[in-house]
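In our numbering, the protein residues as written are 20 to 149. Where a beta carbon is used, it is the ideal one built from N, C-alpha and C, also for glycine. Bear in mind that the values here come from a model prediction, so they are computed numbers and not experimental data. Below is one structure, written out as structure tokens; the observations come after it.
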Amino acid sequence: MFPTDLDYFALTEFRHPELMYEPFVRWLDKVRGVAAVAFVITDDARAEGDPNPTGSAGKHSLHRRGRAVDLRSRNWTASEKWRVVAAIFDLADLAPGKVELEPVYSATDEHLHVGADETATEHRFLQALE
Ligand SMILES: [Zn+2]
20 MFPTDLDYFA LTEFRHPELM YEPFVRWLDK VRGVAAVAFV ITDDARAEGD
70 PNPTGSAGKH SLHRRGRAVD LRSRNWTASE KWRVVAAIFD LADLAPGKVE
120 LEPVYSATDE HLHVGADETA TEHRFLQALE
């Protein structure tokens, strides 16, 4: 069930709100508040038939389980990017699982992949070649 009492996120900002893991959405809402930066979700939970985007390999399971989003970072200033990452670090230990953070940057794509993996034992900063 998608929560209706969030400070920032609305159900309409997600393509598959019904597949999102509620504690992760609540945590991400807190991150958004601390960062005080506009969040645009470009990818959230993936349903059975949804294809994985090309590139990037191991991180798809969190999208499949409603525990990851991609945030558009193309329009953030350098200081806004800093605030988002700082908020993620500050709140990492409150996440429902270990945080998975990956800045994706290429000529055609610029986003921040953020997830929380309940099966992981450490927070992870990923770098992938897109
Ligand atoms: Zn992602």
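With a threshold of 7 angstroms, the Cβ atom of residue 35 does not count as near ligand 1, since no heavy atom of the ligand is closer than that. One thing to note: residue 47 has its Cβ within 8 angstroms of the Cβ of residue 88.
Residue environment for residue 44: buried (at least 16 other C-beta atoms within 10 angstroms of its C-beta).
Residue 27 is a Cβ neighbour of residue 51, given a cutoff of 8 angstroms. Sorting 95, 96, 115, 94 by C-alpha distance to the C-alpha of residue 85 places 115 at the top. Between ligand 1 and the CB of residue 132, the shortest heavy atom gap is smaller than 7 angstroms. Separation of residue 144 and residue 119 (C-alpha to C-alpha, rounded to the nearest whole angstrom) is 6 angstroms. Rounded to whole angstroms, residue 147 and residue 123 show a C-alpha spacing of 7 angstroms. Ligand 1 approaches residue 89 closely enough that one of its heavy atoms is under 7 angstroms from the residue's Cβ.
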